[in-house]
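Asker: Okay, handing you the structure first.
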Amino acid sequence: MNTVYAAADAKKITAVVGLDISAAFDTIDHDVIASCLESQFGVVGVASSWLRSYLRGHQQFVRLGRHSSPMTQCDCGVPQGSVLGPLLFTAYVSAVGELIESYGVSYHHFADDTQLFVSMDSTNATPAIDRLAHCSTAVCLWFLQNGLQLNADKSEVVLLGTPAQLRSATNITTIHVAGSTLPVASKLKSLGVTIDSNLRFDCHARNVAKACNFHIRALRHVRSLLTDNVAQTVACSIVASRLDYCNALLSGAPAATFDKLHRAQNNLARVVCQSRGRTDARPLFRYTGFR
Numbered sequence: 030m031n032t033v034y035a036a037a038d039a040k041k042i043t044a045v046v047g048l049d050i051s052a053a054f055d056t057i058d059h060d061v062i063a064s065c066l067e068s069q070f071g072v073v074g075v076a077s078s079w080l081r082s083y084l085r086g087h088q089q090f091v092r093l094g095r096h097s098s099p100m101t102q103c104d105c106g107v108p109q110g111s112v113l114g115p116l117l118f119t120a121y122v123s124a125v126g127e128l129i130e131s132y133g134v135s136y137h138h139f140a141d142d143t144q145l146f147v148s149m150d151s152t153n154a155t156p157a158i159d160r161l162a163h164c165s166t167a168v169c170l171w172f173l174q175n176g177l178q179l180n181a182d183k184s185e186v187v188l189l190g191t192p193a194q195l196r197s198a199t200n201i202t203t204i205h206v207a208g209s210t211l212p213v214a215s216k217l218k219s220l221g222v223t224i225d226s227n228l229r230f231d232c233h234a235r236n237v238a239k240a241c242n243f244h245i246r247a248l249r250h251v252r253s254l255l256t257d258n259v260a261q262t263v264a265c266s267i268v269a270s271r272l273d274y275c276n277a278l279l280s281g282a283p284a285a286t287f288d289k290l291h292r293a294q295n296n297l298a299r300v301v302c303q304s305r306g307r308t309d310a311r312p313l314f315r316y317t318g319f320r
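The C-terminal residue of the sequence shown carries number 320 in my numbering, and the numbering is unbroken.
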């Protein structure tokens, strides 16, 4: 986002492509990742043997009702949802960064969540868009050569900038990504954050408030069965954590964006304190410890 804001200050818009990789964690070759960790990151000796042992020897089967398929050895893939899974996948595809930068395109990468982005003048966007198209094609080929599948038609494209800058770029309606023509969307979701084209984060706040209210209603049903300490712990873990996640991105957002989150926080405080729906929530924050 720093790059996007800097480009907006320079009167440029930023095109962001969110790449979609098919079954990313399931296709990593164990020998290749071990070799990559040794050659590029210096993971050798006992550490390398430990990682090889961690990756190998897994088995899987499919169960439907009372019927099960035969057990099959897993020759590739890293455990999804594990602590090491995202780190190992990031190491596996780390070399693609040099390829992306060779096309003059910036990128952000975490596990299988990869975005390509390039800043450009809206009155002369063709050169930058062409670089983005050529870069995405090369990235798709690199993924294929390394046992991964890029779903170009499921990827997303968004233009980020000020409202005035975006009005001058209305002629940019599609962008070519790895051979597919993708329509420019109004928002893009990255690592749980919904980024809208105008950088108001209103859609993100709405999604967060919706998720919070869902859990607040569930907490209300069982609140009478919980002690005050347990209620506070549950509220912080399943609701307040969502309000805190990436909230630094909301700096400078309109007041209407914050209002959605404030209402969710107020409702949470009332449920924890078992207060009525119209009770002023501000005094309750001292009791709950919420900020």
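C-beta: ideal position from N, C-alpha, C; glycine also. All figures in this text were calculated on a predicted structure; none of them were measured in a lab.
#1: So, using beta-carbon positions, are valine 147 and alanine 157 closer together than 8 Å?
#2: Just grab the DSSP bridge partners of methionine 100 for me.
#3: Going by the beta-carbon positions, is the gap between leucine 188 and serine 219 smaller than 8 Å?
#4: Taking the alpha carbon of asparagine 236 as the point to measure from, which residue in Arg252, Lys216, Ala298 and His205 has its own alpha carbon closest?
#5: On the three-state DSSP scale, how would you describe phenylalanine 139?
#6: Would you call the segment 200–214 and the segment 175–189 touching, i.e. three or more CB-CB distances under 8 Å?
#7: Would you call the segment 257–268 and the segment 230–248 touching, i.e. three or more CB-CB distances under 8 Å?
#8: Taking the alpha-carbon positions, what's the arginine 229 to glycine 281 distance?
#9: Note down, one range per segment and in chain order, each beta strand (DSSP E) of at least 3 residues found wholly within the segment 172–244.
#10: When you compare only the Cα positions, how much space is there between threonine 308 and valine 112?
#11: Along the chain, where does the alpha helix (DSSP H) containing alanine 124 start, and where does it finish?
#12: By the 10 Å Cβ neighbour count, where 16 or more other Cβ atoms means buried, how is glutamine 294 classified, buried or exposed?
#13: Which partner residues does leucine 93 have in the DSSP bridge list?
#14: Looking at the structure shown, is cysteine 302 part of a helix, part of a strand, or coil, going by DSSP?
#15: Inspect the beta-carbon positions of glutamine 69 and serine 123 and report whether they are closer than 8 Å.
#16: Name the residue from Gln102, Asn175 and Ile201 whose alpha carbon lies nearest to the alpha carbon of serine 65.
#17: How about aspartate 231 and threonine 286: do their beta carbons lie closer than 8 Å?
#18: Helix, strand or coil: which one does DSSP assign to serine 111?
#19: Suppose you measure from the CA of asparagine 296 to the CA of alanine 63; what does that come to, to the nearest Å?
Answerer: To lay it out plainly:
#1: yes
#2: Note: methionine 100 sits in no beta bridge, so no partner.
#3: no
#4: Lys216
#5: strand
#6: yes
#7: yes
#8: 9 Å
#9: 185–189, 203–206, 209–214, 216–219 and 222–225
#10: 42 Å
#11: Counting along the chain, alanine 124 falls outside any alpha helix (DSSP H), and DSSP gives it neither H nor E.
#12: buried
#13: His96
#14: coil
#15: yes
#16: Reading off the sequence, residue 65 comes out as cysteine, not serine. It is Asn175.
#17: yes
#18: coil
#19: 49 Å
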